[in-house]
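*Asks:* Would you mind keeping the following structure in view while I ask a few things?
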Amino acid sequence: MSKFVIPGAAPEQQTLDRYSRQIVLPRGFGGVDPITRLQNSTAIIVGLGGLGSPVATYLASSGVGRLVLVDGDSVESSNLHRQVIHCEATVGIPKVVSAQRRLQEINSSTKVTTVQSHVTAENVDTLFKDFVDSRTVFFDCTDNLTTRLIINDGVSKCYPKVPIVSGSAVSLSGQVTVLNTANGGCYNCLQPTKPSSMSCSTSGILPSVCGIIGGLQVSQGIKCFLGKDDGVLCNKILMYDATFDESFHCFNIPKNPKCRTCCSSNGDNLSTMTSFSGASCSDALNPNDSKMLPDSYVSSEEYDKSPDSFVTLDVRTEQEISVGHLKDSIFLHKSPSIMSELVSSEKPVVFVCRTGIRARQRLIEFEGLGGKGGKVLRGGLFKWKETCPEFPLI
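Residue numbers (full-length UniProt numbering): 1 to 394.
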């Protein structure tokens, strides 16, 4: 006669040992059933960067049964200070491969599937179709507005009511929200107007901010997996600021009944995003850029032939410029009114930044002031560095 009772189907002792500190949690997070539900769940993680790294790591260690990793980029050395799932040995290889290796070391019981692709308006309808079921949660860990909107529109259209745990982090702050739930709105409800064009490459990122926001995404995702409504950031956005008092602020943002995406009757939610496919965040935010004429650019080769024939206006931040700059440059950050003064310049004004995106924005402003003949260094200093590899650039 047995001397003990096992209620229901008990997990193996190895599973009990591994998740013992999770099983004893209160308020519906602990117990055998929540662990089993996590093991039968699927997390689709788009973006294996600063946010995707902690999200994937903690989901695997929490026991989520299947992770689908989606990213088209390869690991770069500039990623390592914040993208903690990657390491020096994986620089140059696809991020999804690098992450898969590490996750299998963390939890060999988790099935890790890789999709080495960017999410675009053309493929979002089919990219996830083999992975989505009633136990799936999307994790938007991308770093640009274009992809964020495509994921929002595509998932809302193709997989209504499959939650999207959306996080973003830049500079010293970040935010988390949960979209596409049964009673919740979508990203367009939260951001009806275009948000800031800040990015990690131009504004930097404090590594710990990625960890904090990524950890919050995991907490929200686990609540979704377990069917917990209490505390889910539906129609809310939680914002974190690392400056001063390390503050958190939560705002209620109700679903927009006139939203073109989640309240659309025709279901054609991707039409406005097609033109943005493959563009960067800042490109998408500046539709006027498409109006720029070919002669609004100057190539690195043309510039190097006669740099003295131009007025060079560097529009980067003080921190970027402190590393290195072109000879005889004028710095916008030191004199914000300089563009008005340069309207009357006899020489063409060449706008310079890291990649050309911010320079295009400033050229449009310059033309709005009445400036003529302004140009953008095509490809920015990133492209110009090919002609001068020793030039320091961040």
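Think of the CB as a built atom: it goes at the ideal place given N, C-alpha and C, for glycine as much as any other residue.
Straight-line CA distance for Gly63 to Lys327?
*Replies:* 55 Å
*Asks:* Considering only residues of the same chain and omitting the five flanking positions on each side of Val349, which have a CB-CB separation below 6 Å?
*Replies:* Val311, Leu313, Leu342 and Gly374
*Asks:* Measure the alpha-carbon distance for Val32 versus Lys383 and round it to whole angstroms.
*Replies:* 55 Å
*Asks:* State buried or exposed for Lys291, treating a residue as buried only when at least 16 other CB atoms are found within 10 Å of its CB.
*Replies:* A caution first: Lys291 carries a pLDDT of 46, below 50, which makes its placement in the model too unreliable to give a value.
*Asks:* Identify, in the order they occur along the chain, each residue of the same chain with its Cβ nearer than 8 Å to the Cβ of Gln104, setting aside the five sequence neighbours on each side.
*Replies:* Thr110 and Val112
*Asks:* Could you tell me which uninterrupted beta strand (DSSP E) segments, each at least 3 residues in length, are contained entirely in the region 127 to 196, listed from first to last along the chain?
*Replies:* 136 to 140, 164 to 170 and 173 to 179
*Asks:* Which residue spans inside the region 81 to 128 form an unbroken beta strand (DSSP E) run of at least 3?
*Replies:* 111 to 115
*Asks:* With distance defined between alpha-carbon atoms, name the residue in Cys224, Leu80 and Ile150 nearest to Glu122.
*Replies:* Ile150
*Asks:* Locate the alpha helix (DSSP H) running through Ala43, then write down its first and last residues.
*Replies:* No alpha helix (DSSP H) contains Ala43, which is instead part of the beta strand (DSSP E) from Thr42 to Val46.
*Asks:* Reducing DSSP to helix, strand and coil, say where Ile253 ends up.
*Replies:* coil
*Asks:* Considering only C-alpha positions, which residue in the set Asp295, Leu233 and Cys263 is nearest to Ile164?
*Replies:* Of the listed residues, the one whose Cα sits closest to Ile164 is Leu233.
*Asks:* Using the Cα positions of Cys263 and Thr177, report the straight-line distance between them to the nearest angstrom.
*Replies:* 19 Å
*Asks:* Expressed to the nearest angstrom, what Euclidean distance is found between the alpha-carbon atoms of Leu59 and Val218?
*Replies:* 7 Å
*Asks:* So within the UniProt domain "Rhodanese" (306 to 389), which uninterrupted beta strand (DSSP E) runs reach at least 3 residues, ignoring any that extend past its ends?
*Replies:* 311 to 314, 349 to 352 and 375 to 377
*Asks:* Could you round the C-beta distance between Ile213 and Gly167 to whole angstroms and report it? I think they count as a contact, below 8 Å.
*Replies:* Correct: roughly 5 Å between the Cβ atoms.
*Asks:* Grab me the residues of Ala359's own chain with a C-beta within less than 7 Å of its C-beta, minus the 5 sequence neighbours each way, in chain order.
*Replies:* Val315, Phe351, Val352, Cys353, Val376, Leu377 and Gly380
*Asks:* Once the 5 residues before and after Asn152 are set aside, which same chain residues still bring their CB inside 6 Å of it?
*Replies:* Around Asn152, the same chain offers Cys186 and Tyr187 as residues with beta carbons nearer than 6 Å, after the five sequence neighbours per side are excluded.
*Asks:* To the nearest angstrom, report how far apart Cys224 and Val137 are at their CA atoms.
*Replies:* 7 Å
*Asks:* Along the chain, where does the alpha helix (DSSP H) that runs through Asp33 open and close?
*Replies:* Val32 to Gln39
*Asks:* Who does Ile237 pair with in a DSSP beta bridge?
*Replies:* Phe251
*Asks:* Looking at C-alpha atoms only, which residue of Ala169, Val162, Leu172 and Glu318 is the closest neighbour of Ala182?
*Replies:* Val162
*Asks:* Exposed or buried, Gly92, counting other C-beta atoms within 10 Å across all chains shown (16 or more means buried)?
*Replies:* By the 10 Å Cβ count, Gly92 comes out exposed.
*Asks:* Evaluate Leu25 with the Cβ neighbour count: other Cβ atoms within 10 Å of its Cβ, from every protein chain shown; 16 or more gives buried, anything less gives exposed.
*Replies:* exposed
*Asks:* Could you tell me the boundaries of the beta strand (DSSP E) in which Arg27 lies?
*Replies:* From DSSP, Arg27 is part of no beta strand (DSSP E); its letter is neither H nor E.
*Asks:* Where does the unbroken alpha helix (DSSP H) through Arg66 begin, and where does it stop?
*Replies:* Element bounds for Arg66: not the alpha helix (DSSP H) but the beta strand (DSSP E), Arg66 to Val70.
*Asks:* Counting along the chain, where does the alpha helix (DSSP H) carrying Asp17 start and finish?
*Replies:* Per DSSP, the continuous alpha helix (DSSP H) segment holding Asp17 begins and ends at Gln13 to Arg18.
*Asks:* Taking the DSSP output, what are the residues bridged to Tyr297?
*Replies:* Answer is Val376, bridged to Tyr297.
*Asks:* Should Glu320 be labelled buried (16 or more other beta-carbon atoms within 10 Å of its own) or exposed?
*Replies:* buried
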